[in-house]
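*Asks:* From first to last, the protein sequence lines are chains B and V.
Counting from 1, position 492 in the first sequence corresponds to residue 502 in the working numbering; the numbering is continuous, with no gaps.
Counting from 1, position 373 in the second sequence corresponds to residue 388 in the working numbering; the numbering is continuous, with no gaps.
From the three backbone atoms N, C-alpha and C, an ideal C-beta is built for every residue, glycine too.
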Amino acid sequence: MPVIELSYSHLQKLVGKVTKKQISDFLPFLGLDIESENKDLVRIEYSPNRPDYSTDFGIALGLQGLLGIKTGAIKLKIKKSNKYPISVKSGVSKIRPFVTGIIAKNGKIDDKTIKQLMTMQEDLHFGIGRKRRKSSIGIHDLDKISFPLVFTTTNRHHKFTPLNSDKDLSISEILINTDVGKNYGDILGNASQVPIILDSNQQIISFPPIINAAVTTVTTKTKNLFVEVTGMNKDDTEDMLSVVAIILQSVGFTLESVKISGTKNSSPKFEPRKMIVDSSLINQTLGLNLTMSKIILSLKKSRLDAFSKGTNIICTIPSYRFDIFGSMDLVEEVALGYGIQNLEPTLSPSQTIGQTNTVSLQLKLLDQTMIGLGYLEALNSSLTSKRVLYDMTCRNTSKIFSVLDSKSLEHTILRDAILPGLLENISKNIHESYPQKIFETGTVFSIGNPISEKVSFSSISAHKDANFTEMKSILQSSLKTGFGIKIETKTTTHPTFEEGHCATVILNGVSIGVIGKINSKIIKNYKIRVPVVGFEISLSESIFNFKN
Amino acid sequence: MSQVFHDIEKKIITSLKDNPKQTPETLEKSTNLSPDQIRRGVEWLKLKNLAIVNESKTNVISLGKNGIESFQKGLPEKRLLDLLKNGPKKLSDLQKELGLVFGPAIGLSRKNNWIESSSEQISLKNPPSEFPGEKTLKQIGNNKLLENDIDKNNLLMLLKRPDFIIKDILKSKEVTLTDSAKSIIFSSSSGAIDVEAKVPEIFVARTHPLKDTIDEIREIFVTLGFSEIIGNMTQSSFWNFDALFTPQDHPARELQDTFYVDGVLTKKIATPEQIRRVSESHKKNWRYYWDINEARKMVLRTHTTCVTIKHLAENKPDEAQFFSLGRVFRNEKVSYKHLVEFNQIEGVVVGKNANLRNLMGIQREFYKRIGITKIKFWPTFFPYTEPSLQTMVYNEQLGKWIELFGMGIFRPEVTKPLGITKPVLAWGGGIERIAMLKYGLDDVREFYNNNLGWLRSVTKCQ
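What follows is the structure in structure tokens.
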């Protein structure tokens with residue numbers, strides 16, 4: 011989840027009559043987690059579904075509502091204008107078909123605000139923009155641009171000076187040599203043409219979704235802004251633009267419209283949506299009995315507008331609240347406006363009877379049996395490594411079951427056996443007193459389509475007198491006491507075990523596992539100083555079925 | 016006196032009653048015990064305030080190389096004077112006879128006026144009746160003597176002569192009984208043992224501490240009327256993500272967060288109806304191209320919710336309470352607070368009257384049963400629940416609020432396409448976090464280290 015750093019004093023200024031404590035008390039009830047605090051600074055984690063909370067301007071709007079300072083929906087005030095036309099050429103339709111935009115005038119922006127706008131832009135790019143693939147934003151100094159603009163395409167040799175550079179680079183050079191080019195270039199694929207926005211002087215002002223031109227760089231001297239959003243879907247671009255618009259309005263800019271025409275494109279409307287929700291759904295879902303006026307007040311505290319009609323609530327949702335999909339989202343808005351802290355937990359008497367799953371129950375009984383035999387329970391990860399599973403134990407690697415791109419080298423392969431992990435455990439405990447007797451039950455995997463998952467049971471004993479007979483006695487007793495079944499052992503060979511001290515475990519004529527003295531080579535690999543014996547059997551196909 | 020004594024203690028006390036001041040060495044002889052037994056026995060008695068051990072340092076005198084030679088052959092000056100008894104002798108002859116001690120012998124004898132020399136001859140003058148130091152030399156002989164037992168002036172004189180005397184410091188212990196020990200009378204019931212003594216440690220065989228926590232949590236939910244369901248750890252992306260309204264381009268689905276199984280696309284993921292309706296819900300609400308092959312990719316489940324939703328979709332109960340408990344996986348860097356594989360509990364309530372306050376009530380009841388009473392609820396966000404909350408619990412040891420279970424009501428965008436018509440309350444969270452609080456651990460990896468030292472020592476009932 012994204013994290014932003016804010017200042018309490020600035021929030022206080024934006025919210026109005028409010029103490030620092032009130033702010034820190036109420037932030038969590040907006041769904042914002044306080045990560046850390048340091049005097050005036052506070053680090054906040056916000057949910058990706060609320061990109062309007064990526065700046066303190068957006069958070070201030072939410073706090074005003076919750077604290078009852080200002081409630082109801084925030085209206086975008088956009089002055090209609092014909093001075094800012096953008097036409098879209100058909101060439102973009104296969105690469106990045108949509109553009110939208112807005113003009114913001116007469117704002118004051120200091121370094122902090124620029125930094126916040128950049129953070130918001132990056133968070134929008136990462137979240138709803140899906141790393142710029144779905145939609146991306148460019149923010150420009152309006153006074154450096156001469157309208158009308160054209161959203162069109164150009165070839166990869168076209169040169170311009172990109173943001174944060176002092177010389178002309180070709181599109182290809184930008185894609186190959188700059189960080190943003192390397193990170194996002196693949197969005198454009200291999201097409202020879204790329205999207206650009208040109209102004210009436212034929213200068214490139216933006217190369218979406220990669221980079222803006224240096225000429226329109228926003229500084230603290232900038233007074234007027236032009237914001238463009240390009241993307242793959244008209245609604246997505248307008249959603250993203252509406253978040254930027256509401257924030258810029260809160261910063262103090264006056265907004266003016268941009269006129270868009272051309273293939274499939276049109277000017278953004280920023281129209282609020284209307285949604286109807288039945289008050290009984292609200293009360294039933296929350297377990298409350300709120301009056302219509304209380305529901306309306308709660309929605310207003312969540313910065314929405316609402317009125318009642320019969321038992322229905324008709325709700326007006328500003329365009330930047332595209333996180334609201336349907337009526338259940340409005341129920342949540344009521345809960346937030348009402349205050350989660352005001353919801354009293356209740357326990358309704360249960361009519362159902364609880365039951366432990368049979369497999370859990372049987373494993374628990376097996377655990378108890380093994381403990382009675384003096385064995386300690388171990389727990390290992392099912393995602394482990396080639397070293398533990400195969401290399402150290404000399405096992406056949408032909409059916410190795412790996413996962414993709416693990417961040418941890420020790421966790422790359424799903425185990426097909428438990429015993430190797432137990433040997434690893436013993437090897438890490440050579441300084442502890444002997445005898446060491448441990449067991450584990452758990453899932454083992456084998457690759458295929460479908461993938462098989464089985465419950466396996468393994469145990470080992472390590473001490474100076476450890477021998478085959480001891481281990482067979484343990485296996486025999488545990489299965490007899492645990493499940494009332496008898497097994498036999500037949501000579502076999504297995505790379506993990508010493509030849510002549512290894513047997514396959516047989517139940518009703520079917521092999522269910524292997525038992526024996528661990529191969530001296532493995533003992534040496536692990537630098538274990540005492541003999542080790544062990545077994546592993548499958549419970550899934552044999553014992554559990556046998557029981558059922 | 017009802018005290019019970021070890022045989023060693025008894026022997027030492029008895030010996031000291033006969034002979035009140037003894038060194039450990041003399042005790043060894045008098046009791047026939049080994050030096051180690053004496054050392055331990057005396058230590059025990061000291062701890063019980065029955066014996067006093069005085070440690071002292073004394074200077075011990077013995078003869079050095081020249082001292083031993085003089086003791087065996089006589090002092091150099093005596094040897095010189097003996098040679099002159101029968102009349103004067105030539106200087107060179109004397110030198111030959113006396114060798115290395117010639118110099119000191121002549122020097123000392125001249126200084127004391129015992130001899131006189133004329134031209135090449137040395138002759139007696141006033142020989143002494145007794146040589147200074149000779150008696151002391153004989154007194155020491157081959158022995159080690161305490162410095163205090165030797166005549167001071169004589170010793171001082173010998174000390175001045177090179178390599179005559181060796182001075183050592185001797186540490187010695189003297190054991191005596193305290194008054195209370197002197198009054199001890201040993202009873203005749205000699206079979207009694209020291210029941211207060213330390214005994215060897217035996218390690219108990221036991222279930223794993225984390226397993227204990229899992230069992231405890233399972234039992235709480237069963238007694239609250241919930242039934243346990245189990246499901247596979249490998250799941251199709253369809254049930255792990257798509258069915259839970261997580262769009263295919265959502266960051267959580269990327270390789271860097273989720274473990275994908277190498278090379279397995281599952282053939283049958285769900286019924287055609289389920290696939291059609293889930294994909295429609297995605298297309299309508301998330302506005303993107305939904306790809307069935309993306310849904311076929313097998314993952315290691317990132318939560319147990321996939322087991323729950325599959326069960327709900329298959330059974331469509333009007334009223335039910337069940338839970339799922341097991342391992343889940345996240346592609347994270349392992350650290351003291353993150354594991355790639357951990358346990359999760361997840362429960363649901365289905366019922367036409369199920370509501371958010373009930374969901375909160377179940378949480379409060381659960382926490383109460385694991386001993387946590389200070390809790391509060393905060394709003395949060397999950398892709399598949401609406402409204403969504405998280406529990407914060409107060410930890411006294413850490414002095415702060417900790418996030419535990421997340422919860423919410425399954426979104427209609429999740430339930431409707433799967434034909435689930437009644438509200439579904441759902442909650443879940445990691446078990447290791449709870450177990451860490453229970454066992455006071457600050458490194459979650461400890462649960463999977465299988466360190467016998469820890470497993471053998473950690474208290475079962477916390």
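Name, please, each residue of chain V whose Cβ falls closer than 7 Å to the Cβ of residue 364(B).
*Replies:* Residues of chain V passing the Cβ test: 236, 237, 238, 239, 240, 241, 242.
*Asks:* Taking the beta carbon of residue 512(B) as the centre, do at least 16 other beta carbons fall within 10 Å, making it buried, or is it exposed?
*Replies:* With 16 or more Cβ atoms within 10 Å of its Cβ, residue 512(B) is classed as buried.
*Asks:* For the stretch 337-365 of chain V, enumerate the residues whose C-beta is nearer than 7 Å to any C-beta of chain B, in chain order.
*Replies:* Within the stretch 337-365 of chain V, the qualifying residues are 342, 344, 346, 347, 348, 349, 355, 356.
*Asks:* In the DSSP assignment, find the alpha helix (DSSP H) that holds residue 441(V) and state where it starts and stops.
*Replies:* Not the alpha helix (DSSP H): residue 441(V) falls in the beta strand (DSSP E), residues 439-445.
*Asks:* Could you spell out where the alpha helix (DSSP H) holding residue 18(B) opens and where it closes?
*Replies:* From DSSP, the alpha helix (DSSP H) with residue 18(B) extends over 18-25.
*Asks:* In chain order, what residues of the same chain have a beta carbon less than 8 Å from the beta carbon of residue 211(B), not counting five sequence neighbours either side?
*Replies:* Within the same chain, residue 211(B) has close Cβ partners 156.
*Asks:* For residue 263(B), report the span of its alpha helix (DSSP H) as first-last.
*Replies:* Element bounds for residue 263(B): n/a, residue is neither H nor E.
*Asks:* I'd like the ranges of any alpha helix (DSSP H) spanning at least 4 consecutive residues and lying wholly in the stretch 352-406 of chain V.
*Replies:* If we require 4 residues or more, the alpha helix (DSSP H) runs fully inside the stretch 352-406 of chain V come out as 371-384.
*Asks:* Should residue 40(V) go down as buried or exposed, given a rule of 16 or more other Cβ atoms within 10 Å for buried?
*Replies:* Residue 40(V) is exposed by the Cβ-count criterion.
*Asks:* By DSSP, does residue 477(V) sit in helix, in strand, or in coil?
*Replies:* Looking at residue 477(V) - three-state DSSP - the assignment turns out to be coil, as it is neither helix nor strand.
*Asks:* Measuring only the C-alpha atoms, how far is residue 317(V) from residue 79(B)?
*Replies:* Those two C-alpha atoms are separated by around 41 Å.
*Asks:* DSSP three-state label for residue 240(V), please.
*Replies:* Coil.
*Asks:* For residue 267(B), which residues in the same chain have their Cβ closer than 6 Å to its Cβ, ignoring the five residues on either side in sequence?
*Replies:* Same-chain partners within the cutoff: 88, 90, 91.
*Asks:* Using DSSP with H/G/I as helix, E/B as strand and the rest coil, what is residue 135(B)?
*Replies:* Helix.
*Asks:* Thinking just about the alpha-carbon of each residue, which of 302(B), 245(B), 319(B) is nearest to the one in residue 298(V)?
*Replies:* Minimum Cα distance to residue 298(V) is reached at 245(B).
*Asks:* Closest by CA to residue 197(B), which one among 269(B), 151(B), 145(B), 152(B)?
*Replies:* Out of 269(B), 151(B), 145(B), 152(B), 145(B) has the C-alpha closest to the C-alpha of residue 197(B).
*Asks:* Return the residue from the list 457(B), 357(B), 379(B), 371(B) that minimises the CA-CA distance to residue 408(B).
*Replies:* Looking at the Cα atoms, 457(B) is the closest of the given residues.
*Asks:* Looking at residue 253(B) and residue 162(B), is the spacing between their C-beta atoms short of 8 Å?
*Replies:* No, Cβ-Cβ distance for residue 162(B) and residue 253(B) is not below 8 Å.
*Asks:* Thinking residue 185(V) and residue 139(V) are a contact (beta carbons under 8 Å), I'd like their distance in whole angstroms, please.
*Replies:* Not confirmed; about 43 Å, so no contact.
*Asks:* Any chance you could list the beta strand (DSSP E) runs of at least 3 consecutive residues sitting entirely within the stretch 83-166 of chain B, in chain order?
*Replies:* Runs of the beta strand (DSSP E) inside the stretch 83-166 of chain B: 95-98, 108-115, 145-151, 159-165.
*Asks:* Tell me whether residue 348(V) is buried or exposed, calling it buried when 16 or more other Cβ atoms sit within 10 Å of its Cβ.
*Replies:* Classification of residue 348(V): exposed, given that the 10 Å Cβ count is below 16.
*Asks:* Which residues, in order along the stretch 296-311 of chain V, keep a beta-carbon less than 8 Å from a beta-carbon of chain B?
*Replies:* From the stretch 296-311 of chain V, only 300, 302, 303 have a Cβ closer than 8 Å to chain B.
*Asks:* Would you kindly report the start and end of the unbroken beta strand (DSSP E) that includes residue 136(V)?
*Replies:* Note, residue 136(V): beta strand (DSSP E), 136-139.
*Asks:* So, does the stretch 302-317 of chain V touch the stretch 244-262 of chain V, judging by three or more C-beta pairs under 8 Å?
*Replies:* In short, these stretches touch, since the Cβ pair count reaches three.
*Asks:* Please name the residue or residues paired with residue 416(V) in a DSSP beta bridge.
*Replies:* Its beta-bridge partners are 409(V).
*Asks:* In chain D, what lies closer than 7 Å to residue 335(B) by C-beta?
*Replies:* Among the protein chains in the structure shown, which are B and V, there is no chain D.
*Asks:* Between which two residues does the beta strand (DSSP E) harbouring residue 336(V) extend?
*Replies:* Start and end: 335-344.
*Asks:* What do you get for residue 38(B), buried or exposed, if any count of 16 or more other CB atoms within 10 angstroms of its CB means buried?
*Replies:* Classification for residue 38(B): buried.
*Asks:* Can you give me the Cβ contacts of residue 397(V) inside the same chain, cut-off strictly under 8 Å, excluding the 5 residues immediately before and after it?
*Replies:* 403, 421, 423, listed in sequence order.
*Asks:* Is there a Cβ of chain B sitting closer than 8 Å to that of residue 287(V), yes or no?
*Replies:* No, no contact with chain B.
*Asks:* Between the Cα of residue 111(B) and the Cα atoms of 220(B), 188(B), 17(B), 98(B), which residue gives the shortest distance?
*Replies:* When each option's Cα is compared against that of residue 111(B), the closest is 98(B).
*Asks:* Is there at least one Cβ from chain V nearer than 8 Å to residue 38(B)'s Cβ?
*Replies:* It does: the Cβ of residue 38(B) has a partner Cβ on chain V nearer than 8 Å.
*Asks:* Out of curiosity, what's the CA-to-CA distance linking residue 322(V) and residue 246(V)?
*Replies:* So the alpha carbons of these two residues sit roughly 5 Å apart.
*Asks:* How far does the alpha helix (DSSP H) with residue 373(B) in it extend, from its first residue to its last?
*Replies:* Residue 373(B) -> alpha helix (DSSP H) spans 368-382.
*Asks:* Note down the Cα distance separating residue 228(B) from residue 141(B), rounded to an integer number of angstroms.
*Replies:* Distance between the alpha carbons of residue 228(B) and residue 141(B): 22 Å.
*Asks:* Who are the Cβ neighbours of residue 548(B) in its own chain at under 7 Å, not counting the five residues just before and after it?
*Replies:* The residues are 464, 466, 522, 523.
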